[in-house]
Amino acid sequence: MPCKDNDCDSIISLFKRYKTSLTNENIGKEASATALVDMIEVARLAKKEDLLRMLKAKSSNEIKGQLLDLLGAVQTIDSHEVAKTEFLDASDDDNMFLAERYLQALAVGTRPNKKIIEDLLQMAQNEHRNVKFFDSLIQSLAAVTRRYAQLQGNSYETDLVKKVTVLLQEKLNECANDRCKLKYIRGLQNLKCPRTVDSLLELAQTSSKAVSVAAMKALRSFSVYLWNDEFRARFEDIFFQVSKRYDSSARTLALDILLDLKPDRDELSHLVQFLKSSDKAYEVKQYLLQKLRMIADQCPDFGMMLKSIVESDPALNNYHVLAPRGLSTALSRKFSTAPSFNASLTSLQEMSGGVLKRGIVDLTLDVDDERTSLFTLGLYAGGMSSFVSSSDGDTNDADEEEDTTAGMELSVQGIAMRPLEFFNGKGELMGHVWSGTASEPTPAYQGITLLQDNEEHFSSHNGVTLALSATGAISIDLNGQVTMSLWGRNAQSKVEQNTGISMTGRLSFDTSFSTVAVRFSVEQEPQLHLTSALDFSGDPALCMQLVQPKSSLKQRFVRTIKLVGTDHRSSRKTTKTSKLNGLTHALNSKNNEMCNLISKS
């Protein structure tokens with residue numbers, strides 16, 4: 001422990017101790033997460049000169065990104081000023097990448113500072129010459145402001161919060177193109193101010209496909225308690241295409257919200273009737289069916305109500321309706337349980353023309369009925385159906401003449417980051433194909449962020465005060481690779497998410513005659529691998545595998561009793577290691593058929 005009995009090491013000595021743990025090779029491993037946990041408390045007390053000395057040291061050049069992760073988590077004025085020395089007057093790509101790294105860490109930080117928000121707000125007044133940096137600046141400003149609004153004594157009516165909200169809305173209204181609008185819509189998604197939902201819904205119903213889908217993604221992230229009957233009607237308008245045709249992604253997002261609202265029997269029956277409608281968007285029907293089955297598996301009461309609705313309608317309760325075409329999937333699986341943390345894995349994949357259109361894999365922490373997102377990986381693609389041979393007649397999807405594009409969207413602890421665009425246009429795509437871009441593992445996201453940062457005091461009936469502190473960090477290395485053969489008409493991809501989790505805590509109380517404390521730590525390195533194989537030599541076949549490799553969980557407990565006025569100290573240490581087996585998550589029978597088909601070819 002860096003601090004013991006209020007006696008802390010200096011940040012310089014800790015830097016020397018942990019700089020090996022902070023190397024790029026340790027990103028995504030427990031060692032780098034533990035380093036952040038042990039350094040954060042001391043860094044918050046460190047002088048500006050010491051932080052600057054640490055960052056500018058020659059030995060820091062290879063780990064500068066990880067040190068900016070630390071400064072982003074510290075969230076003091078001194079740490080902010082030191083971090084800005086790396087990029088304030090810089091223009092080269094490397095320095096701007098480090099600037100984004102700091103802003104992303106700041107966005108996930110747990111202790112928002114008013115002066116830092118004011119500085120970010122000032123920086124956001126004028127567009128920066130580096131488009132990627134300015135996008136990350138907007139997302140960080142919005143995310144930190146939201147946490148600031150949630151502090152005790154603050155709200156979305158606090159003056160500073162209102163200034164940020166006004167800035168984002170004014171900038172959005174000034175946008176002349178979709179790319180500009182998407183940036184500020186993501187900002188509103190991170191801000192989550194209730195006063196912005198009307199403008200977002202207006203964009204969802206009146207704008208271009210890209211803007212409409214982005215606005216629906218933002219609305220999907222808001223609390224369901226905001227939606228009244230008027231909002232429900234407007235979401236139904238989008239899903240059922242009452243007033244106009246909408247992009248299928250906007251429709252499925254509207255469906256997600258309608259199901260989040262926990263529909264009663266009449267409302268659920270209205271949704272289910274869509275399965276037997278004449279709508280030719282069979283992938284939307286498949287998505288609805290998959291979502292209903294997923295929720296039914298999670299909630300027995302919902303499952304019984306759904307079964308009753310289906311069985312009471314002969315026109316609905318038949319194979320033709322309940323087995324629509326399509327490859328879209330929705331599933332939820334347990335990721336881990338005791339002795340590890342309780343976590344679930346949710347995978348939603350919307351397909352179009354045999355290829356992925358929109359997909360997410362969301363890792364969430366589960367506590368009773370509440371869920372907190374740890375990390376969300378989203379993939380999107382458009383205009384890809386022309387590259388595979390397909391006999392689909394899905395002409396109702398409003399995808400005609402869609403631009404060829406693909407990219408990745410990341411959310412860390414519910415904070416949307418700047419998306420990573422793979423290509424935009426067929427020219428860029430073919431350039432990647434011929435050059436073999438990303439044929440080797442290529443980093444998509446690397447960072448160390450705080451997972452927990454909490455201090456609480458509890459007064460007992462006998463006058464003793466219990467002090468509980470807990471600090472946790474997660475180190476993430478997300479990389480991917482893809483290969484494509486136009487001659488063999490097939491493609492393979494692999495996305496690896498390697499994470500290192502470290503948590504420490506202390507529970508203690510002082511009396512007139514003794515000090516009793518329990519220190520605990522937990523370390524784990526869970527991984528998740530998503531592989532896919534696409535064969536488009538004939539009818540397109542897509543095989544996806546979601547693999548969770550084996551890992552181990554280390555737990556340490558140290559119980560200490562110290563008698564006041566004496567040198568007597570009694571300690572007891574306990575260490576436990578649990579082996580966690582690996583597994584391949586079952587997706588669905590259609591995917592199994594596709595995998596068998598590809599393996600035989």
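Residues in the sequence shown are numbered consecutively from 1, following full-length UniProt numbering.
We put the beta carbon where it would ideally sit given N, CA and C, even for glycine.
Identity of the residue in the options nearest residue i by Cα
i	options	result
SER599	LEU580, MET544, LYS562, SER571	MET544
LEU45	VAL74, LEU275, LEU52	VAL74
GLY326	ASP9, LYS280, LEU268	LYS280
ARG195	TYR184, LEU151, GLU157, ASP229	GLU157
SER79	ASP93, ASN113, ASN95	ASN113
ASN591	GLN349, PHE87, THR483	GLN349
LYS276	VAL242, LEU261, VAL321	VAL321
ALA467	ALA517, ASP93, GLY565, ASP368	ALA517
SER411	ASP237, GLY354, ASP539, PHE375	PHE375
MET39	LYS56, GLU25, LYS19, GLU49	LYS19
ALA176	ASP159, GLN104, SER207, ARG519	SER207
ALA330	LEU288, LEU306, LYS357	LEU288
GLU455	VAL495, LEU70, ARG506, ASN462	ARG506
LEU70	LYS56, ALA43, TYR148	ALA43
ASN130	LYS162, GLN122, ILE415, ASP93	ASP93
Own chain partners of residue i with C-beta closer than 6 Å, once the 5 adjacent residues on each side are dropped
i	result
ASP453	THR110, THR471
VAL310	LEU316, ASN317
ARG489	PHE536, SER537
LYS579	SER552
LEU451	GLY472, ALA473, ILE474
PHE15	MET54
SER269	ILE309
ASP366	ASN342, SER344
SER532	SER493, MET544
ARG17	none
HIS457	THR465, ALA467
SER21	ALA31, SER32, ALA35
SER508	ALA467, ALA517
CYS193	TYR156, THR165
Contact under 8 Å by Cβ, residue i with residue j
i	j	result
GLY582	GLN555	no
LEU67	MET54	yes
LEU253	PRO263	no
THR404	GLY383	yes
THR346	SER336	no
SER340	GLN524	yes
residue 621	GLY28	What is shown of the chain runs 1 to 601, which leaves residue 621 out entirely.
ILE448	LEU36	yes
ILE295	LEU261	no
SER140	LEU106	yes
LEU200	TYR184	no
VAL464	THR511	yes
LYS48	GLU81	yes
VAL355	LEU530	no
SER328	GLN290	yes
ASN24	GLU62	yes
LEU188	ALA218	yes
LYS576	ARG569	no
THR504	SER521	yes
Bridge-paired residues (DSSP) for residue i
i	result
ARG232	Answer by DSSP bridge pairing: none, since ARG232 is not bridged.
ASP477	GLN446, ASN498
ASN588	Its beta-bridge partners do not exist; DSSP assigns none.
THR515	ASP510, LYS562
ARG333	LEU345
SER570	ILE561
GLN286	DSSP, once it has assigned bridges, lists no residue as partnering GLN286.
ASN424	THR405
GLU350	ARG358
TYR380	ARG358, GLY407
Residues near residue i by beta carbon distance below 7 Å, same chain, minus five either side
i	result
MET216	ALA204, ALA250, LEU253, ALA254
LEU597	ALA541
GLU127	PHE134
GLY407	TYR380, PRO419, LEU420, GLU421, PHE422
ALA124	LEU137, ILE138, LEU141, LEU167
Sequence-distant residues of the same chain with beta carbon closer than 8 Å to residue i, five excluded per side
i	result
LEU191	ALA142, ALA143, THR145, ARG146, VAL164, THR165, LEU168
ALA398	With a pLDDT of only 44 at ALA398, under 50, the local geometry of the prediction cannot be trusted, and no value is derived from it.
PHE240	PHE274
THR584	GLN545, LEU546, VAL547, GLN548
LYS334	ALA343, SER344, LEU345
PHE231	VAL197, LEU201
Near the ligand SAM: residue i beta-carbon under 7 Å from a heavy atom
i	result
THR404	No copy of the ligand SAM occurs in the structure displayed, which carries no ligand at all.
Min CB distance residue i to chain D below 8 Å
i	result
ARG220	Judged by its chain identifiers, the structure shown contains no chain D, having just a single protein chain.
- Whole alpha helix (DSSP H) elements within the segment 177-225, 4-residue minimum: 178-191, 197-206, 209-220
- Output the residue ranges of the alpha helix (DSSP H) runs that lie fully inside the segment 137-182 and measure 4 residues or longer, sorted by chain position. 159-174
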